[in-house]
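Below you'll find the structure, written out as structure tokens, and then a few comments.
Number of protein chains: 2
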Amino acid sequence: MGGPGSSSATLGLDLGGTKIAAGVLLGEELVSFVERPTPRGGAAVVGALAEAAREALGGRSVVAAGVGTPGPLDFDRGVVRFAPNLPGLKNFPLRARLEAALGLPVVLENDANAAALAEHHLGAARGARHSLFVTVSTGIGGGVIVDGRVHRGAFGQGGEVGHLTVLPGGPLCGCGNRGCLEAVASGRALERDAAYAYGRPVPVPELFARNDAKARALIEGAAGHLGLALASLQRVFDPEVIVLGGGVALGGGAAFLRRIEAAYRGHLRGWRRAPLRLARLGREAGVIGAALAARTA
Amino acid sequence: MGGPGSSSATLGLDLGGTKIAAGVLLGEELVSFVERPTPRGGAAVVGALAEAAREALGGRSVVAAGVGTPGPLDFDRGVVRFAPNLPGLKNFPLRARLEAALGLPVVLENDANAAALAEHHLGAARGARHSLFVTVSTGIGGGVIVDGRVHRGAFGQGGEVGHLTVLPGGPLCGCGNRGCLEAVASGRALERDAAYAYGRPVPVPELFARNDAKARALIEGAAGHLGLALASLQRVFDPEVIVLGGGVALGGGAAFLRRIEAAYRGHLRGWRRAPLRLARLGREAGVIGAALAARTA
Numbered sequence: 425m426g427g428p429g430s431s432s433a434t435l436g437l438d439l440g441g442t443k444i445a446a447g448v449l450l451g452e453e454l455v456s457f458v459e460r461p462t463p464r465g466g467a468a469v470v471g472a473l474a475e476a477a478r479e480a481l482g483g484r485s486v487v488a489a490g491v492g493t494p495g496p497l498d499f500d501r502g503v504v505r506f507a508p509n510l511p512g513l514k515n516f517p518l519r520a521r522l523e524a525a526l527g528l529p530v531v532l533e534n535d536a537n538a539a540a541l542a543e544h545h546l547g548a549a550r551g552a553r554h555s556l557f558v559t560v561s562t563g564i565g566g567g568v569i570v571d572g573r574v575h576r577g578a579f580g581q582g583g584e585v586g587h588l589t590v591l592p593g594g595p596l597c598g599c600g601n602r603g604c605l606e607a608v609a610s611g612r613a614l615e616r617d618a619a620y621a622y623g624r625p626v627p628v629p630e631l632f633a634r635n636d637a638k639a640r641a642l643i644e645g646a647a648g649h650l651g652l653a654l655a656s657l658q659r660v661f662d663p664e665v666i667v668l669g670g671g672v673a674l675g676g677g678a679a680f681l682r683r684i685e686a687a688y689r690g691h692l693r694g695w696r697r698a699p700l701r702l703a704r705l706g707r708e709a710g711v712i713g714a715a716l717a718a719r720t721a
Numbered sequence: 425m426g427g428p429g430s431s432s433a434t435l436g437l438d439l440g441g442t443k444i445a446a447g448v449l450l451g452e453e454l455v456s457f458v459e460r461p462t463p464r465g466g467a468a469v470v471g472a473l474a475e476a477a478r479e480a481l482g483g484r485s486v487v488a489a490g491v492g493t494p495g496p497l498d499f500d501r502g503v504v505r506f507a508p509n510l511p512g513l514k515n516f517p518l519r520a521r522l523e524a525a526l527g528l529p530v531v532l533e534n535d536a537n538a539a540a541l542a543e544h545h546l547g548a549a550r551g552a553r554h555s556l557f558v559t560v561s562t563g564i565g566g567g568v569i570v571d572g573r574v575h576r577g578a579f580g581q582g583g584e585v586g587h588l589t590v591l592p593g594g595p596l597c598g599c600g601n602r603g604c605l606e607a608v609a610s611g612r613a614l615e616r617d618a619a620y621a622y623g624r625p626v627p628v629p630e631l632f633a634r635n636d637a638k639a640r641a642l643i644e645g646a647a648g649h650l651g652l653a654l655a656s657l658q659r660v661f662d663p664e665v666i667v668l669g670g671g672v673a674l675g676g677g678a679a680f681l682r683r684i685e686a687a688y689r690g691h692l693r694g695w696r697r698a699p700l701r702l703a704r705l706g707r708e709a710g711v712i713g714a715a716l717a718a719r720t721a
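Chains Y and V, in that order, give the protein sequences. Letter by letter, the first sequence follows residues 425 to 721 of my numbering. Letter by letter, the second sequence follows residues 425 to 721 of my numbering.
See below:
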């Protein structure tokens, strides 16, 4: 790849369940950034991305674009296979549609892989050779970076850290299997467990901040599962740095991170371990990573 | 690396808990292979490896040697950090000692990584880009091959599949943590559980072959844990092929593999999956892989 130091401008697009974003990366700097709500349906999504792109470009010319999107993806065909948070994009040829709309070559990347790439080269894992990125928000995703590149794997499922089984026989996950990390430690899993434990929907982070006992138990449970998963991955992937991002991880603050780290250390007795760091690039990570992915083209 | 097609001869050495082996790899062919018991203690091990090497070489000249050994290893310093099955080799500078004894540059590789490399290039995963190797014997090890190369990771712990946590709170593992795959599905774990369930040590594989109910439950339990671990790894690493080796996996025959595969498929509903294949290179895998590792030098 041209690498993060490349001086050619590339366009990054980030397609999320609630927001889309676009920006232009020039060298190591994001020189523009626009965000808007995600519309429903494939055609509307492509239209909104193209409009955001035009606004972010502001007349600037770029050589390529990258788009980060929820997966799993079919990288060879540039197709979104399914994305629970984006109804209407099942088996959707996003790459071809965007190339037609933008008049640019487009690289499709998994959104978590894009964020992983951004944090690896320009964020919290800068300088590392191998890193692991885990995003804890509504769901749990991740990206594996080996030698500075995204490890997509044979079927484009590489880095699906949210679907590591951490509680065999545990709650049914959206993916159809039981006890996935996402099913026990994501924002949606916390909401589900809180609604059951309190008998009504409650704001877990707020209650946790007020030291409510049930909220503490819920957050400690999620942190424990996350620490266990990260410890397992340390022994198999052995990253140099582990980066945690996403609204739940970042919103949980120091108290949540401390609990994750305690569990992680507790499960790595006798093993060497990578430092855990919070993501640094915030909501711009997806756009930066998509733009970095475009530099491989 | 020169690759498996390289025509220069390299020496492969395999240091195991019970046996050491040596052989010469010429192109894709292992042209000699010798085996002997592993003596106790670092100096005796080096002496025995050097003697086996001389016998395998038979006067032939080679440009480099590789040695596969239980780990974790410190690759930078060429040191065996600890190896539960090789007492006396704690923090042992195996690379330097072997280089002195052989008069050759020596590449140190984890034994499971070496077998993974051998199966990837010349065995059951031949032709794949990414593959995962899991060896189930007294313990459980593994190797991760990304783009044809061993993924050693940041601390040399890469591929330690036996220490993926599959049963949180489960039996204490030799590594000091609970519920590792090795602690519930290795040969030693089966022996431990069988001794408890029968009240005396029993030969589980023989009883399983005779359809004994407890032995079936033990084997099915181990197969279930293995299937779960492989499914988790499919979602994070996404290999093209998964290769199973080791005495327990190979000795368990078709019935054991069928049960592992059933669990693996059951945990991958909705996901794409790599085929499971039995290792093909048998007891020569370690020597072949060590010789292949030497070609990177």
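Idealized CB from N, CA, C, for every residue including glycine.
Check	Outcome
Coarse secondary structure for Y:K443, derived from DSSP in three states	strand
Three-state secondary structure assigned by DSSP to Y:A549	coil
Euclidean distance between Cα positions of Y:L518 and Y:V504	7 Å
Exposure label - V:E453; buried when at least 16 CB within 10 Å	exposed
Cβ-based neighbour list, V:L631, same chain, cut-off 6 Å, excluding 5 preceding and 5 following	A639
Residues near V:P511 by beta carbon distance below 6 Å, same chain, minus five either side	none
Under 8 Å by beta carbon: chain V residues contacting Y:V560	Chain V residues near Y:V560: none, gap ~16 Å exceeds 8 Å.
Validate contact between the region 620 to 634 of chain V and the region 533 to 547 of chain Y using beta carbons, cut 8 Å, 3 pairs	no
V:A619 beta carbon near the ligand GDP (any heavy atom closer than 6 Å)	The ligand GDP is not part of the structure shown, which contains no ligands of any sort.
Among Y:A446, Y:G482, Y:G676, the one whose alpha carbon lies nearest that of Y:S610	Y:G676
Test: Y:V570 CB closer than 7 Å to a CB of chain V	yes
Residue-chain proximity (Y:V470, chain V), Cβ-Cβ < 7 Å	no
Member of Y:T434, Y:V608, Y:R602, Y:L654 whose CA lies at the smallest distance from the CA of Y:L526	Y:T434
Y:V667 versus V:R484: straight-line alpha-carbon distance, rounded	50 Å
Neighbour flag for Y:V585 against chain V, beta carbons, 7 Å	yes
Endpoints, alpha helix (DSSP H) assigned at Y:E685	677 to 690
V:L437 to V:L497 span [Cα, whole Å]	16 Å
Best match in V:F506, V:H575, V:A446, V:A467 for proximity to Y:R553 [C-alpha to C-alpha]	V:H575
Contact list for Y:S610 against chain V, beta-carbon separation under 7 Å	Residues of chain V passing the Cβ test: none, with the nearest at roughly 15 Å.
Rounded C-alpha distance that separates Y:V590 from Y:R624	26 Å
Pair within 7 Å by beta-carbon distance, V:T446 and V:A480	Note that residue 446 of chain V corresponds to Ala in the displayed sequence, not to Thr. Result yes, Cβ atoms of V:A446 and V:A480 sit closer than 7 Å.
Cβ-Cβ separation, V:L654 to V:L722 (assumed contact under 8 Å), whole Å	Residue 722 of chain V falls outside the range modelled here, since chain V spans only 425 to 721, and no answer is possible.
Given Y:C599 as reference, the closest of V:R478, V:A578, V:V448, V:R696 once Cα atoms are compared	V:R696
Other residues of its chain near Y:A488: CB distance less than 8 Å, five sequence neighbours each side excluded	T434, L435, L528, P529, V530, V531, A718, R719, A721
Close beta carbons around Y:G495, own chain, < 6 Å, minus the five adjacent residues each side	N534
DSSP state of V:S432 mapped onto helix, strand, coil	coil
Outcome for Y:A501 when other beta-carbon atoms lying within 10 angstroms are tallied against a minimum of 16	Looking at the sequence provided, one finds Arg at residue 501 of chain Y rather than Ala. By the neighbour-count rule (16 or more Cβ atoms within 10 Å), Y:R501 is not buried but exposed.
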